[in-house]
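See below for the structure under consideration.
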Amino acid sequence: MKTSEIRRRFLDFFEKNNHRIVPAGSLVPGNDPTLLFTNAGMNQFKDVFLGSDKRDYNRATTAQRCVRAGGKHNDLENVGYTARHHTFFEMLGNFSFGDYFKEEAIQFAWTFLTEELGLPKERLWVTVYKDDDEAADIWINKMGVPADRLSRLGDKDNFWMMGDTGPCGPCSEIFYDHGEDVPGGPPGSPDDDLDRYIEIWNLVFMQFDTLADGSRVPLPKPSVDTGMGLERLAAILQGVHSNYEIDLFQSLIKAAMRVTGCQDIENRSLRVIADHIRSAAFLIVDGVIPSNEGRGYVLRRIIRRAIRHGYKLGCEELFLNKLVADLVAEMGEAYPELAEQADHAVKVLILEEEQFARTLANGMAILEAGIQSLEGKVVPGELVFKLYDTYGFPADLTADVAREKSLEIDQQGFDEAMQAQRERAKAGNKFKLDRDVDLELDGATEFLGYDSLVAQGSVRKLLKD
Ligand code: ATP
Ligand code: MG
Ligand code: MG
Ligand code: MG
930 MKTSEIRRRF
940 LDFFEKNNHR
950 IVPAGSLVPG
960 NDPTLLFTNA
970 GMNQFKDVFL
980 GSDKRDYNRA
990 TTAQRCVRAG
1000 GKHNDLENVG
1010 YTARHHTFFE
1020 MLGNFSFGDY
1030 FKEEAIQFAW
1040 TFLTEELGLP
1050 KERLWVTVYK
1060 DDDEAADIWI
1070 NKMGVPADRL
1080 SRLGDKDNFW
1090 MMGDTGPCGP
1100 CSEIFYDHGE
1110 DVPGGPPGSP
1120 DDDLDRYIEI
1130 WNLVFMQFDT
1140 LADGSRVPLP
1150 KPSVDTGMGL
1160 ERLAAILQGV
1170 HSNYEIDLFQ
1180 SLIKAAMRVT
1190 GCQDIENRSL
1200 RVIADHIRSA
1210 AFLIVDGVIP
1220 SNEGRGYVLR
1230 RIIRRAIRHG
1240 YKLGCEELFL
1250 NKLVADLVAE
1260 MGEAYPELAE
1270 QADHAVKVLI
1280 LEEEQFARTL
1290 ANGMAILEAG
1300 IQSLEGKVVP
1310 GELVFKLYDT
1320 YGFPADLTAD
1330 VAREKSLEID
1340 QQGFDEAMQA
1350 QRERAKAGNK
1360 FKLDRDVDLE
1370 LDGATEFLGY
1380 DSLVAQGSVR
1390 KLLKD
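So this is what it looks like as structure tokens:
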């Protein structure tokens, strides 16, 4: 079953069950400063859950494009390393606004997977929030899931939050076992992160609103928000393990081979490029342009990371923009706005590629020379800082290269160099105050954007993940 057909089947199933098919929202959330990019299907319904917005339906279903490359849910560093993470993906969801609750939500999900799609029950595994006896009881006694295929997990896995504030609640998740050939254990076991059991669907029982001071107040009505990754479901239905093996990604990977000249379809960099062209192009279509702060900076990081992977494959020409046409061929039908704005996306990408090409070549040469002469396993913070400050080579790219070579970055040294630079800028600023008030900002804007908005992406965090 092709990815596009699966999307259709999902929406049709819920429409048949009295859900309104609602068009997806933009990747740039309207009027919500707490959110960097749309990261889940429920975002556009946030105020409906909170009770401050009313619709003329109380059941909805969507296929929502999402980007998780910053903020609370950030998968940028997972791309290329796991079988299941993208920066851009589509989330299929069904929603109840004060209508049905746990039992129907579980019933719908189970029926869709096991009857509508015919997935074998013995391949499925479920989790519930640790003290959610009600959900456990529905799974075991009403759906007939064996008790030994259900795990109770804590806040990290089974309490879903959109961000630090906003609607949230305990959740129940469905996993698919890709079989003994893949290393890894069931949810809750020590090696559950190894991609044998892949999480496919999250059913969130929306019950609370988290306020800015961290306290939680009950929502006006218990509601349901679910999200299932279209690409993960497609992998199962197409009999492959990794999302990158599905029809859509294979086409993009082959296109990436064509434009970069890489012959090895298994090369990890091709997966990164195939992933990043989707997030980059869709972000541009939704109005973001590369810049040095905020959303634009995250887009810039994504594009530059893709370019770096092309460079790694030995590609010396501009290549990323050429993939827009291939993306339109794959997704233009489902997303007419992508087809309409393809030329704009190409232009934006060409500009960014041209601008970054020289920076990249210089920076990589200096970094590689530095790595060659390393004694130990730690890239000195001063070098990371010099690359960033003098050559405009972003610290997260240095971290990315270091990780590939199993090296660490001297974070403390980097922070100290940064601090010293800030103090120099401040001193310089005082001196020239009436001539150039913006001096300090000039020196620090890029880093501040990266540091604050992509808070989770600080170099230290990048390396830990
Ligand atoms: P994981 O634990 O695998 O990182 P998650 O728990 O962060 O996933 P949720 O926030 O529960 O994901 O999102 C609901 C669903 O969206 C997931 O069950 C999965 O199918 C899909 N999904 C989440 N993140 C990604 C991603 N980065 N790429 C592709 N699909 C994703
Ligand atoms: Mg995640
Ligand atoms: Mg999870
Ligand atoms: Mg989840």
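Numbering-wise (the numbering used here), the sequence shown opens with residue 930 and increments by one.
We put the beta carbon where it would ideally sit given N, CA and C, even for glycine.
Item to check | Among GLU1352, THR1288 and GLU1297, the one whose alpha carbon lies nearest that of GLU1333 | outcome: GLU1297
Item to check | Span of the beta strand (DSSP E), counted from its first residue to its last, around LYS1150 | outcome: 1145-1158
Item to check | Contact shell at 6 Å, judged by CB to any heavy atom of ligand 3, ordered along the chain | outcome: ASP1086 and GLU1128
Next on the checklist: If the criterion is Cβ atoms closer than 8 Å, does the pair ARG988 and VAL977 meet it?
Outcome noted: no
Checklist entry - Around the C-beta of ASN972, are 16 or more other C-beta atoms found within 10 angstroms, so that it is buried, or is it exposed? => result buried
Checklist entry - If we ignore side chains and look at the alpha-carbon of each, how far apart do TYR986 and ASP1142 end up? => result 32 Å
Checklist entry - Of all the options ALA1185, ALA1209, ARG1078 and LEU1247, which has the alpha carbon lying nearest to the alpha carbon of ALA1274? => result ALA1209
Next on the checklist: For a quick check, are the C-beta atoms of ASP1255 and ALA1184 less than 8 Å apart?
Outcome noted: yes
Item to check | Where the alpha helix (DSSP H) containing ILE1067 begins and where it ends | outcome: Where ILE1067 is concerned, there is no enclosing alpha helix (DSSP H), given that its DSSP letter is neither H nor E.
Next on the checklist: Check this for me: beta carbons of ILE1127 and ARG997, under 8 Å apart or not?
Outcome noted: no
Checklist entry - When you compare only the Cα positions, how much space is there between ILE1206 and LEU1079? => result 37 Å
Checklist entry - What is the DSSP secondary structure of GLN1341, counted as helix, strand or coil? => result helix
Next on the checklist: Buried or exposed for ASN947, going by 16 or more other Cβ atoms inside 10 Å?
Outcome noted: exposed
Item to check | Cβ separation of LEU1046 and LEU1053, assumed to be a contact under 8 Å, to the nearest whole Å | outcome: Not confirmed; about 11 Å, so no contact.
Checklist entry - Taking the alpha-carbon positions, what's the ALA1164 to ILE1129 distance? => result 10 Å
Item to check | Among LEU1336, PHE1248 and TYR1240, the one whose alpha carbon lies nearest that of GLN1301 | outcome: LEU1336
Checklist entry - Any idea what DSSP makes of THR1288, helix, strand or coil? => result helix
Checklist entry - Based on the DSSP secondary-structure assignment, which residues constitute the bridge partners of ASN1003? => result ALA998
Checklist entry - Hey, how far is the Cα of LEU940 from the Cα of MET930? => result 15 Å
Next on the checklist: Let me make sure I understand the geometry here. Which of GLY1239, LEU1228 and ARG1161 has the alpha-carbon closest to that of ARG1187?
Outcome noted: GLY1239
Checklist entry - Of the choices ILE1202, PRO1112, ASN1003 and ILE1103, whose alpha-carbon is the least far from that of MET1072? => result ILE1103
Item to check | Buried versus exposed call for ALA1064 [16 or more other C-beta atoms within 10 Å across all chains shown] | outcome: buried
Next on the checklist: Going by DSSP in three states, ASN960 sits in which element: helix, strand or coil?
Outcome noted: coil
Checklist entry - Which same chain residues, not among the five before or five after GLU1266, have their C-beta less than 7 Å away from its C-beta? => result VAL1214
Item to check | Inter-stretch contact (C-beta, 8 Å, three-pair minimum) for the segment 1086-1102 and the segment 1132-1146 | outcome: yes
Next on the checklist: What I want to know is whether the C-beta of MET1090 ends up closer than 7 Å to one or more non-hydrogen atoms of ligand 1.
Outcome noted: no
Checklist entry - Looking at GLU1259 and LEU1181, is the spacing between their C-beta atoms short of 8 Å? => result yes
Checklist entry - Which of helix, strand or coil does DSSP assign to ALA1373? => result For ALA1373, the predicted model reports a pLDDT of 29, less than 50, meaning its position is unreliable and no value from the coordinates is stated.
Next on the checklist: Would LEU1021 and LEU1159 be called neighbours here (beta carbons separated by less than 8 Å)?
Outcome noted: yes
Next on the checklist: Output needed for LEU1005: all residues of its chain with C-beta closer than 6 Å, excluding positions within five of it in sequence on either side, in chain order.
Outcome noted: ALA998 and THR1016
Checklist entry - Under three-state DSSP, which class holds THR1189? => result helix
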